[in-house]
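One structure below.
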Amino acid sequence: MTIRARILVRGMVQGVGFRPFIYRLANEYGLNGWVLNSDEGVVIDVEGDAVDQFTTATRAKAPPLARIESLEVTILPPIGYESFLIKESQNGSNGLALISPDIAVCSACLQELFDPHNHRYRYPFINCTDCGPRFTITRDIPYDRINTTMATFTMCPTCAWEYHEATDRRFHAQPNACPICGPKVWLVPNTPAEQLDCRSVKPNYPTKTLSNPSHAFPGSQPVESFTASRAEAWGDHSEECIEATLRLLCAGYTVAVKGIGGFHLACDATNDTAVARLRWRKGRVEKPFALMSPDVATVETYCYIGEEERALLESAERPIVLLRRRTDGPISSLVAPGNNSLGVMLPYSPLHHLLLAAREGQNPPALVMTSGNVSEEPIAISNAEALECLSSIADAFLLHNRDIYMRCDDSVARIVEGEAMLLRRSRGYVPSPVELKRKVRPVLACGAELKNAFCLTKGTYAFLSQHIGDLQNMETLRSFEAAIEHFKHLFRIEPQVVAHDLHPDYLSTKYAESLDRSQGGATSATKARVAVQHHHAHIASCMAENGLDEAVIGVAFDGTGYGSDGAIWGGEFLVCTYKRFQRWAHLKYVPMPGGEVAIRKPYRMALSHLVAAYGDFKEKVLSTSIISVDPLELDIIQKQLQKGLNAPLTSSCGRLFDAVAALLGLRQIVNYEGQAAIELEMIAAEDVEGDYEWGYNRDQPLVLDAAPVIRGIIADLCYGLPEEIIAAKFHNAVVQLIITVCQRIREREGLDKVLLSGGVFQNLYLLKRVLPALRQAGFQPFIQRRVPCNDGGIALGQAMVADAQMED
């Protein structure tokens with residue numbers, strides 16, 4: 045019996061080879077009709093005798109990258125279709141189609157890339173329907189070539205045949221191209237000709253050449269002349285350009301490499317001089333660099349890898365994965381100073397694979413692949429932008445002419461209890477939405493100041509943006525604003541509500557306020573503005589990711605968050621719903637002498653905690669020789685603490701970690717956010733049972749006094765206990781604090797779901813101890829995995845709180 049059905053498929057069904065799949069499936073079942081992309085998803089109009097079987101198979105046999113969320117079937121009268129077609133896409137104004145993230149090159153394309161008999165042999169832009177760039181080249185939906193940056197490239201007859209041939213792997217692959225018709229790569233020198241050589245290679249791995257860092261700056265010793273002048277590019281011969289780039293890297297130079305979501309700055313990760321020079325030029329003093337190696341076997345020469353880490357490294361998302369480094373590995377110690385972990389990724393673009401492919405045993409085992417930007421500025425995406433802003437860093441530029449429409453940095457993840465936990469959500473994951481358990485209004489949540497990512501909601505979807513960066517300069521603010529406009533256009537969202545952090549001076553807050561002025565004020569009938577407390581947003585984000593919509597215990601530990609009382613919060617125990625929160629307990633306030641200066645100089649927080657513990661600090665400082673402070677500065681700090689001048693109060697757990705790191709002599713001044721706490725985690729010894737006592741009062745909220753902890757640490761230091769034991773005991777004390785306070789909340793509130801959020805919970809040492817301890821105490825602990833627990837995930841919570849509060 046002939047049946048005709050109109051089927052609307054929603055989900056991740058554009059840019060993943062779904063229409064070619066439907067075409068082949070319809071032919072397999074002898075059905076006629078058509079399929080097209082729309083701004084709501086994929087629309088199928090099909091008729092024949094096997095429509096039911098076809099519908100079932102659509103779910104069961106979908107392409108590997110597809111994610112079907114709904115299939116809406118409408119039965120219609122047959123009209124006698126005679127064939128099955130892929131029709132031109134339809135573009136409406138209010139629909140919602142999901143866009144695939146950028147996907148690593150697949151194994152089939154990789155095999156062709158290194159097959160000398162394939163016409164795409166060593167072509168840096170090989171792709172198919174199962175892999176390649178998606179989000180970063182998409183200008184608009186539906187996802188068709190004309191709506192991507194590939195629109196400027198006209199397919200040659202061979203590529204056009206593949207594109208239209210239903211049996212071919214590149215059937216309707218929008219970025220399809222080859223060496224004849226596709227993008228080209230070329231190399232541009234930046235260093236004067238007499239100083240740059242891409243022909244002579246002097247590899248000697250491992251290469252640890254730095255004896256005195258001051259001798260390595262700013263450039264290299266003159267070597268045999270480069271074959272092009274500063275003003276010339278090395279043609280469009282990609283093979284020669286890639287070979288030349290590799291030789292430059294082996295010789296110790298820095299090359300800016302254009303990738304999929306932006307530029308990388310690359311150098312030999314085994315060469316101390318090259319790494320030190322890159323740090324000096326980029327202004328990145330000690331923050332770890334990411335690495336890229338050709339395969340897992342190579343990574344295993346310098347890191348320990350479990351099965352879960354292997355799977356994550358080799359996944360289609362290809363994030364940077366934090367791995368425990370081997371002490372005897374070849375990687376320069378300057379890649380991640382003071383850190384026993386390395387951030388490593390595998391190649392995800394064909395260009396990366398070609399750059400890392402073995403050449404006569406000359407390749408380093410890893411390249412530094414750090415974001416192509418000057419510190420604190422957005423990653424460069426255009427050739428002109430890179431040539432201008434990276435000219436003081438890179439010796440040469442490996443460029444191509446496939447435009448990047450939306451900048452998107454690499455994602456960062458680690459394995460916690462056998463599963464991935466995202467610390468930075470960007471390439472490979474964005475713009476896939478977080479699916480919500482409840483329908484929400486169209487909300488724009490502007491996120492936080494640091495690690496900014498914004499969020500737009502529509503229906504049961506929350507579209508969390510890629511990592512934007514720290515909103516502390518105009519360049520990043522402009523990137524933030526452009527990305528918001530792109531998301532609004534791409535997903536057809538016009539926000540009714542704007543949510544932002546409670547802090548009045550954040551640029552994200554000021555942006556939200558500027559929308560008031562442009563829209564006629566927050567009392568507009570179509571738009572409201574909601575300020576959301578920072579730590580409430582942290583817990584609400586964790587609730588949303590875990591599908592919870594009930595009262596929970598929230599433990600929000602981080603460095604800085606503006607509190608409802610104007611103080612700086614960060615050591616909070618909350619009882620939360622989306623709509624409201626109760627501050628049930630918090631760390632006792634201590635002053636931050638110098639305000640933000642105390643964040644950069646942890647010894648100031650150590651002195652503040654010493655005063656809180658002993659009433660004065662000079663005697664303890666002198667007797668233990670823990671902290672060396674200029675006497676004049678010491679007097680200034682003492683006056684700030686005594687009189688409360690420029691010394692805002694904080695309950696921050698992150699600042700307590702900083703203080704302990706300073707007390708142990710690990711880190712007196714930080715060069716990047718969280719450095720002191722990271723180094724404290726790095727030295728903590730395993731299998732230490734002891735901890736330190738906390739002080740508790742009986743006020744509401746319950747105030748948790750760290751003074752006994754500080755006194756215990758000082759006593760152990762005076763006794764001569766090793767720093768690694770003290771660090772472990774401090775971590776254990778934090779675990780015990782969480783258990784004790786959660787038990788008290790359970791006794792009073794009857795709650796047993798505990799949600800952990802905030803940057804402190806990026807600490808693997810802490811998580812590995814607190815999660816089993818909570819379970820053993822009868823709690824159900826929840827953490828964040830698909831959304832960062834740091835400020836990069838806070839916008840999701842802001843959106844959920846704002847939507848709930850609008851109900852009033």
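In the numbering used here, the protein residues as written are 45 to 852.
Glycine is no exception: its CB is placed at the ideal position from the N, C-alpha and C atoms.
Note that the stretch 318–333 touches the stretch 376–386; at least 3 beta-carbon pairs, one per stretch, sit closer than 8 Å. Contact between the stretch 458–469 and the stretch 480–493 is absent, with fewer than three C-beta pairs closer than 8 Å. The DSSP assignment places 746–749 as complete runs of the beta strand (DSSP E) inside the stretch 722–755, in order along the chain (cut-off: 3 residues).
A Cβ-Cβ contact shorter than 8 Å links Met-413 with Ala-310. For the set Met-45, Arg-166, Pro-409 and Cys-433, the Cα lying nearest the Cα of Glu-420 is the one of Cys-433. In this structure, the alpha-carbon of Ala-401 lies about 10 Å from that of Pro-408.
In the three-state DSSP reduction, Ile-185 falls in the coil class, being neither helix nor strand.
Between the alpha carbons of Ile-528 and Gln-842 lies a distance of about 16 Å. Between Val-831 and Glu-677, the C-beta gap is not smaller than 8 Å, which leaves the two residues out of contact. Put simply, of Gln-218, Asp-372 and Ala-839 the residue whose alpha carbon is nearest the alpha carbon of Ile-190 is Gln-218.
A residue is called buried once 16 or more other Cβ atoms fall within 10 Å of its Cβ, and Asn-741, having fewer, is exposed. Under DSSP, Val-86 shares a beta bridge with Val-53 and Asn-81.
Assigned with DSSP and collapsed to three states, Lys-683 falls in helix.
Rounded to whole angstroms, the gap between the alpha carbons of Thr-202 and Ala-94 is 34 Å. Contact check for Leu-411 against Leu-292 fails: the beta carbons are separated by 8 Å or more. In the three-state reduction of the DSSP assignment, Ile-123 falls in the coil class. Each of Cys-225, Gly-794 and Arg-214 was checked against the Cα of Cys-175, and the nearest Cα belongs to Arg-214. For Tyr-550, the closest alpha carbon among the candidates Asn-517, Ser-523, Phe-128 and Leu-399 is that of Asn-517. For Cys-620, the uninterrupted beta strand (DSSP E) segment begins and ends at 612–620.
If you look at Met-465, you'll find it in the beta strand (DSSP E) that goes 463–468.
In the displayed model, Asp-545 falls within a strand according to three-state DSSP. In this structure, Asp-146 lies near Gly-305, with their beta-carbon atoms less than 8 Å apart.
In this structure, Met-850 sits near Ala-572, with a CB-CB distance shorter than 8 Å.
By the neighbour-count criterion, in which 16 or more other beta carbons inside 10 Å mark a residue as buried, Gln-686 falls on the exposed side. Comparing alpha-carbon positions, the option among Gln-744, Arg-699, Gly-659 and Tyr-606 lying closest to Arg-648 turns out to be Arg-699. Residue state for Tyr-165 is assigned as coil, using DSSP reduced to three classes.
Leu-618 sits away from Ala-595, with the two beta carbons spaced by 8 Å or more. Following the DSSP letters along the chain, one finds Met-649 inside the alpha helix (DSSP H) bounded by residues 646–658. When the Cα atoms are used, Arg-370 and Ser-359 turn out to be separated by approximately 23 Å. Classified as exposed, Thr-118 has fewer than 16 neighbouring CB atoms from the shown chains inside 10 Å of its CB. The beta carbon of Lys-773 sits closer than 7 Å to those of Val-732, Gly-734, Asp-735 and Tyr-736, all from its chain and outside the five residues before and after it, given in chain order.
For Leu-75, no alpha helix (DSSP H) encloses it, and the DSSP letter there is neither H nor E.
Where Phe-498 is concerned, there is no enclosing alpha helix (DSSP H), because DSSP gives it neither an H nor an E.
Distance from Ala-300 to Phe-98 at the Cβ level is roughly 49 Å; contact not present, criterion being Cβ atoms closer than 8 Å. Only residues of its own chain outside the window of five on either side were considered, and among them Pro-332, Phe-333, Arg-369, Leu-386 and Gly-387 have a CB closer than 8 Å to the CB of Ala-380, listed in chain order.
As DSSP reads the structure, Met-336 sits in a beta bridge with Met-389 and Leu-411.
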